[in-house]
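Under the numbering used here, the residues of the sequence shown are numbered 49 to 280, in order. The beta carbon of each residue, even a glycine, is placed where N, CA and C say it ideally should be. Treat the numbers as computed from the prediction; the structure is a model and nothing was measured. Here's the structure we're looking at; comments come further down.
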Amino acid sequence: MELFEAIRNRRSVRVLTEEEVSEREIKELLEAARLAPSAGNIQPWVFVIVRDPDTKKRLAEAALNQFFIEKAPVVIVVFADWNRSRQGYGGRGVNLYCIQDSAAAVENMLLAAVALGLGACWVGAFQEDVVSDVLKVPEGLRPVAIVPVGRPAEKPNPPYKRPLDEVVRYETFQDCDFLRKSYKESFALWLIGDMFVFLSKLWSSNRFKREVLSYVRSKLDPSSSGNGTFEV
Ligand SMILES: Cc1cc2nc3c(=O)[nH]c(=O)nc-3n(C[C@H](O)[C@H](O)[C@H](O)COP(=O)(O)O)c2cc1C
């Protein structure tokens with residue numbers, strides 16, 4: 049299959065048949081993954097192949113009950129070996145390179161799956177500590193993706209992809225007021241949301257509620273016992 053065809057045809061496939069995926073096919077996926085680029089060619093990745101039904105179920109639970117994971121004939125869990133990257137690059141290796149490197153490996157694997165006629169999905173929403181516990185992961189490794197693999201039992205419609213003119217800028221960000229505006233807007237929304245959470249937490253603390261009510265009462269009726277001030 050031609051590369052651009054594989055890139056265009058790749059979809060997140062969540063519905064898979066029960067048909068087994070052969071060792072040869074898995075090997076091809078892993079081969080594609082291990083050939084990915086990595087900072088300093090450190091190759092800070094480890095792939096765990098899971099076929100055991102109970103382990104798959106526990107992984108699905110760790111992934112916030114995404115049960116399609118459990119139904120896949122095989123699940124590949126990708127780990128970033130941050131300890132390895134730390135030796136080469138310190139903090140940047142731990143926080144950035146090992147994650148980028150493993151992500152490149154995952155994408156290679158997903159494209160290889162398309163070329164082999166397999167279906168797969170990059171699952172990133174999971175509780176890392178639970179996954180590490182289930183797979184008895186040693187220190188120094190961080191799970192970055194769970195990839196259920198099988199034969200597609202669905203052909204998802206291509207989702208919306210942002211057009212090039214929206215995501216490409218030439219030379220600098222000079223003529224890019226909309227990005228700055230969008231940052232300010234989302235910052236304001238984030239702030240309001242955070243304040244709302246903070247205030248609702250305060251409100252649910254009984255002492256604060258009592259003080260506010262007593263303050264309001266004292267303002268409405270100065271003869272009541274409140275002194276017109278309140279403390280948190
Ligand atoms: C970092 C990352 C995390 C993702 N996590 C999940 C996930 O937890 N569950 C899921 O069903 N899909 C997950 N996806 C798949 C995306 O939903 C999917 O890529 C996106 O909707 C675009 O669809 P496409 O892959 O068919 O182009 C994830 C993808 C990426 C790259």
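Cα atoms of residue 203 and residue 260: separation of roughly 57 Å, rounded to the nearest angstrom. Note: residue 150 is not bridge-paired with any residue in the DSSP secondary-structure output. For residue 117, same chain residues with a beta-carbon under 7 Å away, outside a window of 5 residues either side, are 104, 107, 108, 111, 123, 171, 194, 196 in chain order. Rounded to the nearest angstrom, the gap between the Cα atoms of residue 157 and residue 78 is 7 Å. Those residues having their beta-carbon less than 5 Å away from any non-hydrogen atom of ligand 1 are, in chain order, 59, 60, 170, 171, 172, 173, 207. The residue among 64, 252, 57, 200 with its C-alpha nearest the C-alpha of residue 119 is 64. Short of 8 Å from the beta carbon of residue 152, and not among the five residues preceding or following it, lie these beta carbons of its own chain, in chain order: 84, 85, 86. DSSP places residue 86 in the coil class of the three-state scheme, outside both helix and strand. Note: residue 127 is bridge-paired with 94, 191 in the DSSP secondary-structure output. The criterion of a C-beta distance shorter than 9 Å is satisfied by residue 98 and residue 125.
Excluding residues up to 5 positions away in sequence, 142, 146, 190 lie with their Cβ nearer than 6 Å to the Cβ of residue 130 in the same chain.
Counting only runs of 4 or more residues that sit fully inside the region 176-240, the alpha helix (DSSP H) segments are 176-182, 212-215, in chain order.
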